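Notes follow the structure.
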Amino acid sequence: MDIIEEINRLKKEKNAVILSHYYVDDDVKEVADYTGDSYYLSKVAKETDADIIVLSGVSFMGESAKLLNPEKTVLMPDSHADCPMAHMATVEYIEKVKEKYDDIAIVCYINSTALLKSHSDVCVTSANAVKVVKALPNKNILFIPDENLGRYVASQIPEKNFIFNPGFCPIHKGISAAELAECKKKFPDAEVLTHPECTQDVLALSDFIGSTSGIIKYAGESKAASFIICTECGVLYELRERYPDKTFYTVGLPTCVNMKKVTLEKILDVLKTGKNEIFLDNDLKDKALASLDKMLELAK
Ligand code: 13P
Ligand code: SF4
0 MDIIEEINRL
10 KKEKNAVILS
20 HYYVDDDVKE
30 VADYTGDSYY
40 LSKVAKETDA
50 DIIVLSGVSF
60 MGESAKLLNP
70 EKTVLMPDSH
80 ADCPMAHMAT
90 VEYIEKVKEK
100 YDDIAIVCYI
110 NSTALLKSHS
120 DVCVTSANAV
130 KVVKALPNKN
140 ILFIPDENLG
150 RYVASQIPEK
160 NFIFNPGFCP
170 IHKGISAAEL
180 AECKKKFPDA
190 EVLTHPECTQ
200 DVLALSDFIG
210 STSGIIKYAG
220 ESKAASFIIC
230 TECGVLYELR
240 ERYPDKTFYT
250 VGLPTCVNMK
260 KVTLEKILDV
270 LKTGKNEIFL
280 DNDLKDKALA
290 SLDKMLELAK
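Here numbering that gives the first Met the number 0 is used: the first residue of the sequence shown is 0, the next is one more, and so on.
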């Protein structure tokens, strides 16, 4: 029996589902029951009636799945696959900013630890951040941990006052505006589709800004025949599968090493052994879940 057959057999036997983010390796996505952006994966995790969720992605995705569906067993194929940005804010900083404003909402990008979520009022993903922040009654917004997404959201909601935190995604920050400008010269008819974790100078050169799912949807609906994709290279697989007649370029080959830690062998291993299960601190569970639930409510 080959590895894919073995994974599929164990999934059935143990009533498990595999949820994958677009950024994991292509062969891993082949065994996924659901593939999508962080918002989609949260909704699927909350609604699934499988007993086991294998989260092909990074730690914050597994933690979010466990928070949203605590009765389920959530397994991470690689326990070291972690998003560095998730740790780039501190509780001390949140508390310091809170002291300065009476009317402030702490808005936490889902790419964050459960601890940071537990000190926040609401979570957002790149797909729903503008909608969720607009729906908040507060004028003052502390946006953690990603400064680039925060600045993009702020640009869409000028009536609110934003305070930022200096967190960033190393992969998206690494996409250079100068190299993108060169790429645009080479492919002048291509539309530029960009994730909002990119820097402001890259966003300024873009035709569309959105989450990974947003980028995939836009590429399908656009009349353009070619695109420069400014996000992690994993989305290329989906884009080329869905739109074989269109052409996709990237600026370099932005690669998230943490997402790429997930392999078929590791998925098989956790399905067999049940190792790398997610357990969350009882003290922070309820508050962290409240911020995720509030996101799901406001993003509807
Ligand atoms: P999306 O929610 O847009 O898929 O983004 C997740 C992520 O980690 C981006 O770097
Ligand atoms: Fe984190 Fe960036 Fe990797 Fe997304 S691409 S998981 S933000 S390091």
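All C-beta atoms, glycine included, are put in the ideal place defined by N, C-alpha and C.
Keep in mind it's a predicted model, so treat the numbers as computed, not measured.
Residues near Tyr373 in its chain [Cβ-Cβ closer than 7 Å; skip 5 each side] = Outside the modelled stretch of the chain, which goes from 0 to 299, sits residue 373, for which no answer is possible.
task = Identify every residue that forms a DSSP beta bridge with Gly35.
result = As a first step, residue 35 must be located in the sequence shown, where it is residue number 36. Gly35 pairs with His20.
message = Strictly by DSSP, which residues pair up with Val256?
response = Taking the sequence shown and counting its residues from 1, the one referred to as residue 256 is at position 257. Looking at the DSSP assignment, Val256 forms no beta bridge with any residue, so it has no partner.
request  = Put Tyr92 into one of helix, strand or coil per three-state DSSP.
outcome  = Here residue 92 refers to the residue found at position 93 when the sequence shown is read from its first residue. Reduced to three states, the DSSP call for Tyr92 is helix.
inquiry  = Please report the straight-line C-alpha distance between Tyr22 and Glu91, rounded to a whole angstrom.
reply    = Along the sequence shown, read from residue 1 onward, the residue named residue 22 stands at position 23. Along the sequence shown, read from residue 1 onward, the residue named residue 91 stands at position 92. Answer to the nearest angstrom: the Cα atoms are 32 Å apart.
Val57 burial status per 10 Å Cβ neighbour count (16 or more: buried) = Here residue 57 is taken as the residue at index 58 of the sequence shown, counted from 1. Flag for Val57 reads buried.
ask   = With 16 other CB atoms within 10 Å as the buried threshold, where does His118 fall?
value = Within the sequence shown, residue 118 is the residue found at index 119, counting from 1. Burial call: buried.
key: Selected residue, minimal CA-CA separation from Thr198, among Phe186, Glu146, Tyr242, Arg241   = Walking along the sequence shown from the start, residue 198 turns up at place 199. Ranking Phe186, Glu146, Tyr242, Arg241 by Cα distance to Thr198 puts Glu146 first.
ask   = If you draw a straight line from the alpha carbon of Ile2 to that of Lys42, how long is it in whole angstroms?
value = Residue 2 sits at position 3 when you count from the first residue of the sequence shown. Residue 42 sits at position 43 when you count from the first residue of the sequence shown. Each residue's Cα considered, the two are about 28 Å apart.
request  = Work out the CA separation of Leu252 and Phe59 for me, nearest whole Å.
outcome  = On the sequence shown, position 60 is the one that residue 59 refers to. On the sequence shown, position 253 is the one that residue 252 refers to. Cα to Cα, the separation comes out at about 24 Å.
task = Using alpha carbons as the reference points, say which of Leu40, Ile52, Val131 lies closest to Glu296.
result = Mapped onto the sequence shown, residue 296 falls at position 297. Closest by alpha carbon: Val131.
message = Using a 10 Å radius around the Cβ and a threshold of 16 neighbouring Cβ atoms, would you call Ala177 buried or exposed?
response = As a position in the sequence shown, residue 177 is number 178, starting the count at 1. Exposed, because fewer than 16 other Cβ atoms sit within 10 Å of the Cβ of Ala177.
query = Can you list every residue whose CB sits closer than 5 Å to some heavy atom of the ligand PLP, going in chain order?
reply = Of the ligands this structure carries, namely the ligand 13P and the ligand SF4, none is the ligand PLP.
key: Span separating the alpha-carbon of Tyr33 from that of Ile140   = For this step, residue 33 is matched to residue 34 along the sequence shown. For this step, residue 140 is matched to residue 141 along the sequence shown. Approximately 33 Å between the Cα atoms of the pair.
request  = Answer yes or no: the CB of Ile170 versus the heavy atoms of the ligand SF4, is any distance below 7 Å?
outcome  = Indexing the sequence shown from 1 puts residue 170 at position 171. Checking every heavy atom of the ligand SF4 against the Cβ of Ile170, one is found closer than 7 Å.
inquiry  = If you reduce the DSSP assignment to three classes, tell me which class Tyr151 lands in.
reply    = Position 152 of the sequence shown, counting from 1, holds the residue named residue 151. Three-state result, Tyr151: helix.
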